[in-house]
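Residue numbers (my numbering): 596 to 831.
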């Protein structure tokens, strides 16, 4: 094995290890994530949705909710670093029924990423991704997928009157940090099914397709979030 190949293998192993650590940290009850339960996450997702819908800068976001295939709402994406950096958070995915305009039950996912280079400090952001294509929807059916790989992602247009012409990505992301709406690069992040939260919320082991496609399970605790999305997308 040449030195170059060995270096590449070590680098890939380091990235995989750091990403695993990020997902482990997301699962730990620390800091603002303390005692975070599935229902609390659903309730927080509604607060995040309302924050976005009420903002004048989110005109494009609100206007295009009615033709989005789904949303991935992450109420708190934590980012921290010192030389090596990472970000992680938990969120919920809901899909919109194109015939009725109604939104389905939430499926729980985690998101994480690692980065390299000089970076010191931390930040917390609210993130909402609109799922714009069928390919974006189908990427959710597996156990995990990487943004920017087979599933494309773009920063959403921000600002009153933002046109957003030519947005063709599978997912379009919007973020809010310290009260300000801005772009947050998520390329390279991995989205992974949160099986523990799904099982806890629905009382049995379920796959993403059981929730999002077959609609085999339900929880009345998601009613306010589902109704909030329906009204935000123009439902009466």
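Idealized CB from N, CA, C, for every residue including glycine. Source: prediction; values computed, not measured.
query: Contact under 8 Å by Cβ, residue 666 with residue 824; result: yes
query: Cβ contact (3+ pairs, closer than 8 Å) linking the region 810-820 and the region 737-749; result: no
query: Below-8 Å beta-carbon distance, residue 736 vs any chain C residue; result: No chain C is present in this structure, which holds just one protein chain.
query: Three-state secondary structure assigned by DSSP to residue 639; result: helix
query: When 673, 652, 694 are compared against residue 686, the one with the closest alpha-carbon; result: 673
query: Burial state of residue 746, where buried means 16 or more other Cβ atoms lie within 10 Å; result: buried
query: Nearest-angstrom Cα separation, counted from residue 790 out to residue 621; result: Per-residue confidence for residue 621 stands at a pLDDT of 44, beneath the threshold of 50, marking its modelled position as unreliable; the derived number appears in the next sentence. The alpha-carbon atoms of residue 621 and residue 790 are separated by roughly 14 Å.
query: Coarse secondary structure for residue 809, derived from DSSP in three states; result: coil
query: Outcome for residue 635 when other beta-carbon atoms lying within 10 angstroms are tallied against a minimum of 16; result: exposed
query: When 728, 750, 670, 754 are compared against residue 705, the one with the closest alpha-carbon; result: 670
query: Length of the line joining the Cα atoms of residue 743 and residue 725; result: 15 Å
query: Straight-line Cα distance separating residue 657 from residue 822; result: 15 Å
query: Assigned secondary structure, residue 649 (DSSP; H/G/I helix, E/B strand, else coil); result: helix
query: Bridge partner(s) assigned by DSSP for residue 686; result: 704
query: Same chain, Cβ closer than 6 Å to residue 770, five either side skipped, listed in chain order; result: 720, 722, 779
query: Extent of the continuous beta strand (DSSP E) to which residue 787 belongs; result: 785-788
query: 8 Å Cβ shell around residue 795 - same chain, five flanking residues per side excluded; result: 632, 633
query: Inter-residue CB distance, residue 807 and residue 699 (contact presumed, cutoff 8 Å); result: 6 Å
query: Residue 643 classed as buried or exposed, judged by whether at least 16 other C-beta atoms fall within 10 angstroms; result: buried
query: Local conformation of residue 773 per DSSP, three classes; result: coil
query: Same chain, Cβ closer than 7 Å to residue 659, neighbours up to 5 away in sequence not counted; result: 725
query: Under the three-state DSSP convention, the category residue 563 falls into; result: Lying outside 596 to 831, the shown extent of the chain, residue 563 is not represented and no answer is given.
query: Residues of its chain near residue 827, where Cβ-Cβ distance is below 6 Å and the 5 sequence neighbours each way are ignored; result: 648, 660
query: Distance CB(residue 776)-CB(residue 650) smaller than 8 Å; result: yes
query: Residue 749 - containing beta strand (DSSP E), residue span; result: 748-750
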